[in-house]
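Quick notes on the structure that follows.
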Amino acid sequence: MAKKKGWLFDLDFDWLFERVESGTCELSGLKFDLGLARVGKNNSYAPSIYRIVAGGDYTKENCRVVLHALNTALSDWGEDIYFDVAAAYMERVRGQAT
Numbered sequence: 001m002a003k004k005k006g007w008l009f010d011l012d013f014d015w016l017f018e019r020v021e022s023g024t025c026e027l028s029g030l031k032f033d034l035g036l037a038r039v040g041k042n043n044s045y046a047p048s049i050y051r052i053v054a055g056g057d058y059t060k061e062n063c064r065v066v067l068h069a070l071n072t073a074l075s076d077w078g079e080d081i082y083f084d085v086a087a088a089y090m091e092r093v094r095g096q097a098t
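For the sequence shown, position 48 (counting from the first letter as 1) is numbered 48 according to UniProt numbering, and the numbering increases by one without interruption.
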C-alpha cells in the first residue's frame, strides 16, 4: 500500500520486533496487550505503527510503535492538539475528584 500511495517505506521486521518486544508504548509507557484473542483493530492496547508526520512516509525516523488507542487519537489531530485536550481533561477530572 505504501508503494501504491507513493510513500517511502524503510521499516523492517527487526525494527518492528525490537519495539514490540520492549512491551511498552513509545509514547505512554503503557504495556501492550499481545494476547492473540485481543490483538486487532478493536484492541486499544495492541501495538500500532504511528506516523509522527501524518500522511508522511513509513520510515524509521517518522514512525513509532504506540498503543492502538493513541494512534487512533493522534492520527487525526496530532500530538499538540491531543496533548492540550488530554491535559485539560486530566486537570478537570482531578479537580472534580477533590
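From the three backbone atoms N, C-alpha and C, an ideal C-beta is built for every residue, glycine too. In this text the structure is predicted, and so the values were computed from the model without any measurement.
Asked: Close beta carbons around Trp15, own chain, < 8 Å, minus the five adjacent residues each side; Found: Lys60
Asked: Residue environment, Tyr45, which counts as buried when at least 16 other CB atoms sit within 10 Å; Found: buried
Asked: Through-space distance from Val93 to Gly35, alpha-carbon basis; Found: 31 Å
Asked: At least three beta-carbon pairs within less than 8 Å, the region 57 to 72 to the region 85 to 92; Found: no
Asked: Among Val53, Asn71, Phe83, Ala73, the one whose alpha carbon lies nearest that of Trp7; Found: Val53
Asked: Neighbourhood of Leu27 by C-beta, 7 Å cutoff - its chain only, sequence neighbours within 5 removed; Found: Arg64, Val66, Leu70
Asked: Leu11, DSSP secondary structure in three states; Found: coil
Asked: Simplified DSSP assignment, three categories, for Tyr82; Found: helix
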